[in-house]
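Engineer: The structure follows.
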Amino acid sequence: MILRLRQAHQAQIRAHVERGYPAEACGIFLGREVDGVRIVERLRLVDNRWADPEEQTHRFLIPPEEVLAAEREAVAEGLEILGFFHSHPDHPARPSNFDREHAWPWYAYLIVSVENGRAIDWRVWELKEDRSAFVERTLEVVP
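9 is the number of the first residue of the sequence shown in the working numbering; add one for each residue after it.
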């Protein structure tokens, strides 16, 4: 699986995660899959709704109503939810156990490492069907 973003999407994500620092920032990818390439057409930037603000440095929540709204938006535009992104403030762009426990197979999960307020590493992951682990996938950024 390849996740394809436009440079404009990458810039939006960068601004969102850097603005959210030191909390985790998050969002949803809408688009279509063609021959194993998940092509992002739109982003839905989401406020981190984790209940305890002090835990937002290492936890995020996209409320179910946001996912439902994104699904409705996608269907109306002939798209689908391709995956999700979130930041790891001052931590590597690798999924945590918490990420694995709350992820769904098939979807693309982009994790952006943000150190001292700057996005420095971008990695895409997909949860195995048996939910045992994530597999790193390819991120492709195009003009």
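Yeah, the Cβ is synthetic: ideal placement off N, Cα and C, and Gly gets one too.
#1: Closest by CA to residue 108, which one among 92, 147 and 98?
#2: Do you know whose CA, among 88, 110, 82 and 80, lies nearest residue 8's CA?
#3: If you reduce the DSSP assignment to three classes, tell me which class residue 39 lands in.
#4: Tell me whether residue 108 sits in a helix, a strand or coil according to DSSP, three-state version.
#5: By how many angstroms is the C-alpha of residue 32 removed from the C-alpha of residue 63?
#6: Identify, in the order they occur along the chain, each residue of the same chain with its Cβ nearer than 8 Å to the Cβ of residue 146, setting aside the five sequence neighbours on each side.
Structural biologist: In brief:
#1: Position 100 of the sequence shown, counted from the start, is the residue given in the question as residue 108. Residue 108 has its Cα closest to that of 92, out of 92, 147 and 98.
#2: Any property of residue 8 remains undetermined from this structure, which presents the chain solely from 9 to 151.
#3: By one-based count along the sequence shown, residue 39 stands at place 31. Strand, per DSSP.
#4: Sequence index remark: in the sequence shown, residue 108 carries index 100 (1-based). In this structure, residue 108 counts as helix in the three-state DSSP scheme.
#5: If you number the sequence shown from 1, residue 63 lands on position 55. If you number the sequence shown from 1, residue 32 lands on position 24. Approximately 9 Å between the Cα atoms of the pair.
#6: In the sequence shown, the residue the question calls residue 146 occupies position 138. Once the five neighbours on either side are set aside, the close Cβ partners of residue 146 are 9, 10, 11 and 132.
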